[in-house]
Amino acid sequence: MTYPTHLHGGGAPPAPTAVSVLAPGVDPVLAATAVPGPVVPGPALDNPVLDNAVWVSLDGPHARFTERNGRAARYPADVYDFAALAAPADPAAWADLHTLVGAGTVVRIKPVQEVPDRWEVVGGGQGVQLVDTGLRAEPAPEAVRLGPADVPEILDLVARTAPGPFLKRTVELGTCLGIRDRGRLIAMAGERSEMGVPPGRRLGEDPPARLDRDQRGLHRSASPRPGPRHPARPRRRRRHPRPRRDTFPARRRGQRHRDPALRVHRLHPAPPLHDRGGPKPRSAPRQGRTNFLGRHPPVSPAASFPSADSSAAAPGSTPSALHLAVALDGTGWHPASWREPVARPREVFTAGYWADLVAEAERGLLDFVTIEDGLGPQSSHVLEPDERTDRLRGRLDAVLVAARIAPLSRHIGIVPTVVATHTEPFHISKAIATLDYVSSGRAGLRVQITARPDEAAHFGRRTIPRIEAHDSPEARKLVAELFDEAADHVEVVRRLWDSWEDDAEIRDVATGRFIDRAKLHYIDFEGRHFSVKGPSITPRPPQGQPLVTALAHDTVPYRLVARQADVGYVTPHDTGQARAIVAGIRAEQRAAGRADEPLHVFGDLVVFLDDDPAAAAARRDRLDALAGEPYTSDARVFTGTPVQLADLLQDLASAGLTGFRLRPAVLGHDLPAITRGLVPELQRRGVFRRAYEAGTLRGLLGLPRPANRYAAAPTATV
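Going by my numbering, the sequence shown opens with residue 53, and the numbers climb by one from there.
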């Protein structure tokens with residue numbers, strides 16, 4: 053069925069029935085002469101929502117965009133190029149449209165069954181409206197939300213794929229999702245008309261209607277399996293060539309097709325774009341293996357994990373001179389971040405939210421992300437809960453979140469926080485080893501202690517005295533004991549990772565032997581805090597030893613970093629402090645007998661980033677006003693532009709820091725500012741990678757795969 057979608061008319065008519073309209077991309081010269089033209093009528097309007105979706109949207113959920121005159125309305129020219137009539141058969145509605153847009157112009161309009169005299173149809177099109185009654189609620193995490201900051205990429209993709217009208221502000225109409233390959237946008241889908249269809253009504257439109265969260269499945273997720281055709285309607289020819297079947301499915305199971313002049317705004321695949329300046333990543337996906345939402349091939353089995361030498365940089369690649377990580381915490385590190393429009397507070401407890409964050413970080417080629425966690429609710433007080441209700445409270449388990457999102461990424465490291473106090477190292481060892489398998493060698497942990505009495509009460513095994521002053525002798529003694537326990541905790545975890553030799557699994561079907569029992573070892577750890585026999589029940593992780601990281605503010609935690617960590621996070625406020633801290637950690641490292649072992653020292657900074665320093669400062673002031681107090685942190689708080697931050701990072705790196713862990717004040721704003729502002733600036737300066745150069749997290753950081761401490765030593769076997 054063909055519907056007229058581009059109409060034009062002559063000058064101001066003597067009667068209000070002759071009107072003219074204009075749409076972007078159509079030459080106004082076409083409107084010089086009004087010539088009545090034939091119109092192929094469409095079916096009668098049998099559903100006022102679905103069959104006049106643009107009007108329903110402009111008259112309701114999208115009223116904030118509406119330019120309206122009586123019974124005619126349109127979107128602003130830079131938002132969307134459609135107009136609509138309340139009643140297409142009503143001559144008064146056409147007169148209202150004429151007054152709204154002026155004479156001698158062209159516009160897209162739908163649906164119309166016939167046009168008034170002196171109107172000419174100058175263009176038409178066919179389309180398919182998808183109506184789905186079995187939507188899935190959860191988004192596929194490979195698809196990341198796109199926003200105003202992504203407009204240049206979106207318009208570039210539109211120029212390469214010609215999917216239909218997508219303008220500078222079209223992304224504001226609703227949820228827009230994108231798929232990235234090696235940091236480049238290769239596909240997108242999004243909402244345009246928002247109809248607010250209630251439960252039980254038929255769904256659809258161009259693209260699918262924006263619904264409540266539990267009804268939004270069509271535009272967020274789809275199965276690659278083609279579904280049955282609507283029995284009452286033949287298959288229609290499409291306006292645009294159908295992409296390859298393995299890239300974009302024709303239908304979902306349970307879909308029905310309607311056929312007004314609507315073309316579904318669907319994913320528009322484009323060939324992957326590799327960085328011209330760097331090598332193709334080792335783990336790049338094979339062509340033709342990406343499905344409707346860009347799902348990647350399954351995670352490689354354990355048998356194909358990298359060997360002991362594969363954690364080094366790939367041949368021909370240049371390891372990054374500077375390493376970058378981001379710390380993910382709720383909606384951001386500022387306590388009022390959840391109140392920002394980009395914060396998505398309703399989605400904080402969904403897997404899709406965290407997958408989006410990790411995908412954005414991976415887009416920026418960052419080394420890894422850390423995920424914050426704790427044993428008690430967040431609090432404005434370090435050592436006790438507070439009574440505030442105006443701040444984000446509640447967390448998901450960081451290790452479980454990491455395990456959920458790790459298979460959805462390809463290169464970036466995933467480092468959840470684990471609290472050594474009150475938890476058993478055997479359980480942590482098993483969980484992180486599992487994460488290393490799930491992520492194909494990109495796992496780590498951030499070890500943390502807690503001195504909160506309320507958190508100790510959750511377990512009932514011991515009591516922790518209330519600390520009145522942080523610098524009191526009692527507080528220092530307690531903290532020293534907790535960090536000593538954490539050091540033993542990590543030692544047990546590391547020994548358990550080594551309790552299976554790399555070749556302990558034989559998997560010999562012919563002889564019926566799955567493991568070599570001589571290559572499973574007791575660890576026999578006896579210490580003040582733990583007594584663990586071993587071995588683990590999980591084979592040695594792909595990295596041998598997943599990354600161990602820790603935050604350190606003083607001499608005692610510096611000692612933990614020096615003895616047990618691969619990466620330590622420190623909080624210097626200037627270059628002089630950074631130099632002194634690095635010197636202190638290196639001294640502790642030598643005292644621990646690890647002088648020859650690689651150890652990264654990262655600087656932690658909270659960042660408020662904008663293109664203009666005044667805008668960044670104003671945003672921070674506004675957030676402080678919402679929080680009711682100025683924001684302070686253990687780390688330096690940076691407010692400024694990505695260029696200024698790049699200057700600061702290079703200055704701090706000159707003091708011996710090998711990388712930085714950035715804490716975005718508002719994740720929805722400052723994380724993209726890092727990946728799309730800071731990273732390109734560092735790349736321009738030649739100090740940050742242009743492609744991932746290794747297949748494991750240890751490899752990205754230039755850390756070797758450790759030898760197994762038990763492999764050469766004869767010990768008692770299980």
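Ideal placement from N, C-alpha and C gives every residue a C-beta, glycine not left out. It should be emphasised that the depicted structure is a prediction, and the values quoted were computed from it without experimental measurement.
Alpha-carbon to alpha-carbon, residue j and residue i
i    : j    : result
P650 : G493 : 19 Å
A632 : R688 : 16 Å
I589 : V608 : 33 Å
G384 : T402 : 16 Å
D555 : A698 : 45 Å
G711 : R415 : 18 Å
H292 : G175 : Summary for H292: the model assigns pLDDT 41, below 50, so the residue's position carries little reliability; its value from the coordinates is reported in the next sentence. Approximately 15 Å between the Cα atoms of the pair.
R447 : V453 : 10 Å
L409 : V106 : 32 Å
W390 : Q616 : 35 Å
L418 : I464 : 7 Å
V613 : Y132 : 55 Å
S461 : Y610 : 32 Å
A539 : L530 : 14 Å
H309 : F740 : Note that H309 has pLDDT 39, beneath the 50 cutoff, so the model's placement of it is unreliable and no number is given.
D381 : G738 : 30 Å
V695 : D703 : 13 Å
P278 : V622 : Residue confidence is low: P278 scores 37 on pLDDT, short of 50, so the model does not pin down where it sits. No coordinate-derived value is stated.
L709 : R761 : 29 Å
E399 : L678 : 21 Å
L548 : A644 : 21 Å
Reference residue i; option with closest CA among the options
i    : options                   : result
G620 : H510, G655 and P756       : G655
V545 : W390, V471 and R514       : V471
V542 : R498, R504, T486 and A759 : R498
H114 : I516, Y127, A630 and D103 : Y127
G122 : L149, G754 and G738       : L149
T469 : A450, A455 and A147       : A450
Q735 : H375, Y762 and D103       : H375
D425 : T502, Y405, I516 and A395 : T502
P756 : A239, I558, D618 and D103 : D618
Under the three-state DSSP convention, the category residue i falls into
i    : result
L714 : strand
P591 : coil
F566 : strand
H386 : coil
Y489 : helix
D233 : strand
S583 : strand
E243 : coil
E681 : coil
H479 : helix
P286 : For P286, the pLDDT reaches just 44, beneath the cut-off of 50, and the residue's location in the model is therefore unreliable, although a value from the coordinates is still provided. DSSP places P286 in coil when its eight states are reduced to three.
P312 : Here the model assigns P312 a pLDDT of 35, short of 50, so the residue's position is not dependable and the matter cannot be decided.
F740 : coil
V731 : helix
I238 : strand
Q339 : Low confidence applies to Q339: its pLDDT is 37, below 50, so where it sits in the model is not reliable, and the reading given next is rough at best. DSSP places Q339 in coil when its eight states are reduced to three.
R546 : helix
Local Cβ density within 10 Å of residue i, reported as buried at 16 or more and exposed below that
i    : result
H386 : buried
H479 : exposed
A509 : exposed
F690 : buried
T727 : buried
V561 : exposed
Range covered by the beta strand (DSSP E) that runs through residue i
i    : result
V421 : F420 to I423
G620 : V619 to V622
P468 : G465 to V471
Q696 : Note, Q696: premise wrong, no beta strand (DSSP E); alpha helix (DSSP H) at P694 to A705.
H652 : H652 to L661
G496 : G496 to Q500
I134 : Reading the sequence as shown, one finds Phe at residue 134 and not Ile. From DSSP, the beta strand (DSSP E) with F134 extends over F134 to L137.
V158 : V158 to I161
L603 : L599 to L603
Segment limits, alpha helix (DSSP H) that includes residue i
i    : result
T627 : T627 to A643
T607 : T607 to Q616
L207 : V203 to T213
A105 : A105 to D111
I558 : Careful: I558 lies outside any alpha helix (DSSP H), inside the beta strand (DSSP E) at E557 to D560.
R415 : A403 to R415
A19  : This structure cannot settle anything about residue 19, because the visible part of the chain is limited to 53 through 770.
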